[in-house]
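The listed protein sequences correspond, in order, to chains A and B.
Under numbering that gives the first Met the number 0, the first residue of the first sequence carries the number 0, and numbering increases by one thereafter.
Under numbering that gives the first Met the number 0, the first residue of the second sequence carries the number 0, and numbering increases by one thereafter.
Using N, Cα and C, we set each Cβ at its ideal position, and we do this for glycine too.
Worksheet for the structure shown next.
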Amino acid sequence: MSLICLKDIRKVYHMDEEKIVALGRINLRIEQGEICCILGTSGSGKSTLLNIMAGLEKPTKGSIEIDGVNVTDFSEKQWALFRQKYIGFVFQSYNLLPTLTAIQNVAVPLMFKGIKKKERTKSAVHMLKMVHLGNRLTHMPTQMSGGQQQRVGIARAFVARPPIVFADEPTGNLDSKTSREVMGLMVTMAKKYKETLILVTHDTEIAKYADRIITIHDGSILNDQSNESILKNPENLEEKVV
Amino acid sequence: MLSMAFGNLFKRKVRTLLTVTGVIIGTCAIVVMMSLGIGIKQSMQDTLKNMGDLTVITVNSTSQSPDAAALDDKMLKKMKKMEHVAALTPILSLDSSMISIQSKKYKFQGMIYGVYLDTLKDFGYKTENGELPSAGADKTTILFGKDAEYDFIDIRKSSNNMIYPQPDKNGKMPDPYVRPMKDKFQVTVTLPEDSTATVKPLKLRCVGTLSEDGGKNPYPSHSIFMDVTYAKELQAKYNKLNNVKKTSKKESYESASVKVDSIANVPKVEKAIKELGFTTYSMENIRKPMEEQMRTIQMILGGLGGISLFVAALGITNTMIMSIYERTREIGIMKVLGCVVRNIRTIFLIESGAIGFIGGVIGLAQSYAISFAINTLYATSGDQGGGAAGMIMEGTAGAAGQISIIPLWLALGALLFSTMVGLLSGFYPANRAVKVSALTAIKQE
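See below:
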């Protein structure tokens, strides 16, 4: 059974009188442990798809099952509790809490889960060391570079060992060198813990880190193939995205 | 969660400080104002107490008309049975022209009051020497008022026949003619000048001298207290010997004093006595309008304080709302990270509650300081006694000298109140924070 199963997902936005179809009949299955990239230009509907999978938006039609649970009609509170257990997040703009130190930021998901302070600090320190930030434990977000902040973000996403980690343009604000570091870290960690990593990006370079690339265009899946086949035929991908 | 809330407060130091200052001023204003109100009320009550016992009602028989209710022993018994009546005594005043109390050649010139001697205790009379008589005392028992010993004249002299209770140059009080506890006293009923009858003097025994107390009726100063039944006998004897005709057949005391068990029950008892057909007088007549006035003053003072605390509450709300705008994204992130709505609300409420509480604590400390300052200032300027406060305080000036009193309940109440204000003014912002959509929040750049 698939970890994430989307059935006939449709999302329509209403702007005044106008109807904008962001996603039209998406059917998608993502398996456990897959590193999966949703690739598309801006406005293609890739972010909407991610938001729907993470419960931040509700689909107009269709249903979502995660780990066998139908989460389509979850309330906000149910989603919050569900996210505590199942989902980690890496954002484009890091989104660290500005008043907290690196350790505290990483520990936030554990705090919401109700884990004791001593334990969560221990896990947070461990995670920060894994992302090579052992010397930045008590720094505030503003005292760190973008790459460092994003690494704190990654530590935070993985600290609770969620089965699924979403990364929304995780390298959007980083230079190419740091991007490579960050991507490497994420993929390593996901593989290590056998977690499902779902990347959303418009960058084909980033997409190369994934096992599976799902190309989205105008709200529907244009292409869904494993990385190997793309690597053999790189022009294929470029062409479709552009 | 706590550290997160305090971290937020700490991060925005200046704003938190300003908001807390608002609460401090608000709490301070309300506490100081109320303490002034309480202090003034307290001193007013002290003043009243000095003017008269607050729980005593004086009953006067209205008229001599035959159908009017008589204030006799039967009626007194009836009153005694009323609820909340702790003690009562009739007051029969005899002039020293009607009966004379003598010790050798010295004759008493003051007032003689007939009362139930055993109730003096209940009315709160105190003795300087000797003891208050208890029930069943001999009918010849008498008690001296504070200065009654100086109210004796030497009947053999026609002038310079009194000793005045004024200290001499050395500040020493002169010795009076009589020593109440040692000398023997006797009473005789005055005869008409042309009478040839003789009356046998009756022995009296003084058991004590009363302390001066301006709040008591009868006033224990230039007076001698004796048993009312005996006084009545003497009065009857006088009337008979001097052919005084009674205007009414009914026997009735002119007045009586009724002691009520507590101030709160005074109006009730007073009303009941009035219904029996007597006129009454009690400090309640003065106390009530004064108390109403006090209440008004307190309300005005409290209101002034309340306004500043209300403004402070608006400050808290404003701060928290601003905080939401600033932290929309933060809230969104927390939601995405699996934060349950309740947690967000808790964080906001902790923050606003903390502002209220901290403000309350500091405000209270400051109130104590201000209260102390006011009292010190008042004590030093109290002698001049200028201003309205001075006038109000006249009665007790120097005694307590506290115009601002912060009782424990006010202190704790203020703390609770300021925290509540913090929580309440944080409630609306907290609910708004909860409604922030995670998606729009994280999209914000």
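- Message: For ILE56 (chain B), list the residues DSSP reports as bridge partners.
- Response: Paired residues: B:VAL257, B:SER281.
- Message: With a threshold of 8 Å between beta carbons, is PHE73 (chain A) in contact with chain B?
- Response: False, the Cβ-Cβ gap to chain B never drops below 8 Å.
- Item | C-beta atoms of ILE100 (chain B) and PHE224 (chain B) nearer than 8 Å | Result no, Cβ atoms of ILE100 (chain B) and PHE224 (chain B) do not sit closer than 8 Å.
- Just reading off the beta strand (DSSP E) that THR195 (chain A) is part of, what are its end residues? DSSP places THR195 (chain A) inside the beta strand (DSSP E), whose first and last residues are 195-200.
- In its own chain, which residues sit with a C-beta less than 8 Å from the C-beta of LEU275 (chain B), not counting the 5 before and 5 after it? Hits under 8 Å: ALA68, MET74, LYS77, MET78.
- Task: For the beta strand (DSSP E) holding ASP45 (chain B), just list the boundary residues, first then last.
- Result: Counting along the chain, ASP45 (chain B) falls outside any beta strand (DSSP E), though it belongs to the alpha helix (DSSP H) covering 12-50.
- Task: Using three-state DSSP, classify GLN224 (chain A) as helix, strand or coil.
- Result: In the three-state DSSP reduction, GLN224 (chain A) falls in the strand class (E or B).
- Item | Paired residues, beta bridge with GLN185 (chain B) - DSSP | GLN185 (chain B) pairs with B:GLN101, B:LYS202.
- Item | Backbone CA spacing between SER220 (chain B) and GLY144 (chain B) [nearest angstrom] | SER220 (chain B) and GLY144 (chain B): Cα-Cα distance of roughly 4 Å.
- Message: Is it buried or exposed, SER92 (chain A), if we count other Cβ atoms within 10 angstroms and call 16 or more buried?
- Response: SER92 (chain A) comes out buried.
- LYS76 (chain A): contacting residues in chain B (beta-carbon distance under 7 Å): Taking the beta carbon of LYS76 (chain A) as reference, the chain B residues within 7 Å of it are VAL339, VAL340, listed in sequence order.
- Item | Separation of TYR85 (chain A) from LYS193 (chain A), as counted between CA atoms | If you take the alpha carbons of LYS193 (chain A) and TYR85 (chain A), they lie about 13 Å apart.
- CB contact below 8 Å: GLU445 (chain B) versus chain A: This structure cannot speak to residue 445 (chain B), because chain B is shown only from 0 to 444.
- Task: Express the C-alpha separation of TYR237 (chain B) and SER158 (chain B) in angstroms, rounding to a whole number.
- Result: So the alpha carbons of these two residues sit roughly 28 Å apart.
- Item | C-beta contact flag for THR189 (chain B) and MET97 (chain B) at 8 Å | Less than 8 Å separates the beta-carbon of THR189 (chain B) from that of MET97 (chain B).
- Using a C-beta cutoff of 8 Å, does GLU350 (chain B) count as contacting chain A? Chain A, which has no Cβ nearer than 8 Å to the Cβ of GLU350 (chain B), makes this no.
- Message: Can you tell me where the beta strand (DSSP E) holding ARG28 (chain A) begins and where it ends?
- Response: If you look at ARG28 (chain A), you'll find it in the beta strand (DSSP E) that goes 17-29.
- Query: Straight-line CA distance for GLN41 (chain B) to LEU303 (chain B)?
  - Reply: Annotation: GLN41 (chain B) to LEU303 (chain B) spans about 20 Å, alpha carbon to alpha carbon.
- Item | Exposure of VAL265 (chain A), with buried meaning 16 or more beta-carbon neighbours within 10 Å | With chain A represented from 0 up to 241, any question about residue 265 (chain A) goes unanswered, as that position is not in the structure.
- Task: Within its chain, find whatever has a CB closer than 8 Å to the CB of ALA388 (chain B); leave out the 5 residues flanking it on each side and keep chain order.
- Result: Low per-residue confidence applies at ALA388 (chain B): pLDDT is 46, beneath 50, and the placement is therefore not dependable, though the value from the model is reported in the following sentence. Excluding its 5 nearest sequence neighbours in each direction, ALA388 (chain B) has C-beta neighbours in its own chain below 8 Å: ILE39, TYR377, ILE402, listed in chain order.
- Item | Rounded C-alpha distance that separates HIS201 (chain A) from MET185 (chain A) | HIS201 (chain A) and MET185 (chain A) have their C-alpha atoms some 17 Å from each other.
- Item | Where ALA437 (chain B) meets chain D, residues with beta-carbon distance less than 8 Å | Here chain D cannot be found, since the structure's protein chains are A and B.
- Query: Where does ASN104 (chain A) land, buried or exposed, given buried means 16+ other C-beta within 10 angstroms?
  - Reply: Counting other Cβ atoms within 10 Å of its Cβ, ASN104 (chain A) reaches 16 or more and is therefore classed as buried.
- Query: Would DSSP call SER178 (chain A) helix, strand or coil?
  - Reply: In the structure shown, SER178 (chain A) sits in a helix (DSSP, three-state: H, G or I).
- Message: Please tell me whether LYS10 (chain B) has its Cβ less than 8 Å away from any Cβ of chain A.
- Response: So, interface residue.
- Check each candidate in A:LYS116, A:SER144, A:GLY87 and name the one with the smallest Cα separation from ALA53 (chain A). Minimum Cα distance to ALA53 (chain A) is reached at A:GLY87.
- Item | Positions along the segment 296-329 of chain B whose CB lies within less than 8 Å of some CB in chain A | So the close ones are ARG328, GLU329.
- Task: Please name the residue, chosen from B:LEU363, B:PRO406, B:ASP94, B:PRO288, that lies closest to MET43 (chain B) on a Cα-to-Cα basis.
- Result: Out of B:LEU363, B:PRO406, B:ASP94, B:PRO288, B:PRO288 has the C-alpha closest to the C-alpha of MET43 (chain B).
- Query: In the structure shown, what three-state DSSP assignment does LEU190 (chain B) receive?
  - Reply: Of the three classes helix, strand and coil, the one that applies to LEU190 (chain B) here is coil, per DSSP.
- Message: According to DSSP, is MET0 (chain A) part of a helix, a strand, or is it coil?
- Response: Taken through DSSP and simplified to helix, strand or coil, MET0 (chain A) comes out as coil.
- Which residues, in order along the segment 80-95 of chain A, keep a beta-carbon less than 7 Å from a beta-carbon of chain B? Contact residues of the segment 80-95 of chain A toward chain B are LEU80, ARG82, GLN83, PHE88, PHE90, SER92, ASN94 (C-beta to C-beta distance below 7 Å).
- Query: Name the chain B residues whose beta carbon is nearer than 8 Å to that of PHE111 (chain A)?
  - Reply: For a Cβ distance threshold of 8 Å, residue set MET333, LEU336, GLY337, CYS338, VAL339, ASN342 of chain B lies close to PHE111 (chain A), ordered along the chain.
- Rounded C-alpha distance that separates SER219 (chain A) from GLU75 (chain A): Computed Cα separation, rounded: 27 Å.
- Query: Residues of chain B with CB under 8 Å from PRO108 (chain A), in chain order?
  - Reply: Think of a sphere of 8 Å around the beta carbon of PRO108 (chain A): the chain B residues whose beta carbon falls inside it are LEU336, GLY337, in chain order.
- Query: Could you check where the alpha helix (DSSP H) with ASP72 (chain B) kicks off and where it finishes?
  - Reply: Where ASP72 (chain B) is concerned, the enclosing alpha helix (DSSP H) stretches over 72-79.
- Message: Going by C-alpha to C-alpha distance, which of B:GLY113, B:LYS168, B:ILE29, B:MET3 sits closest to GLN297 (chain B)?
- Response: Here the closest residue by C-alpha is B:ILE29.
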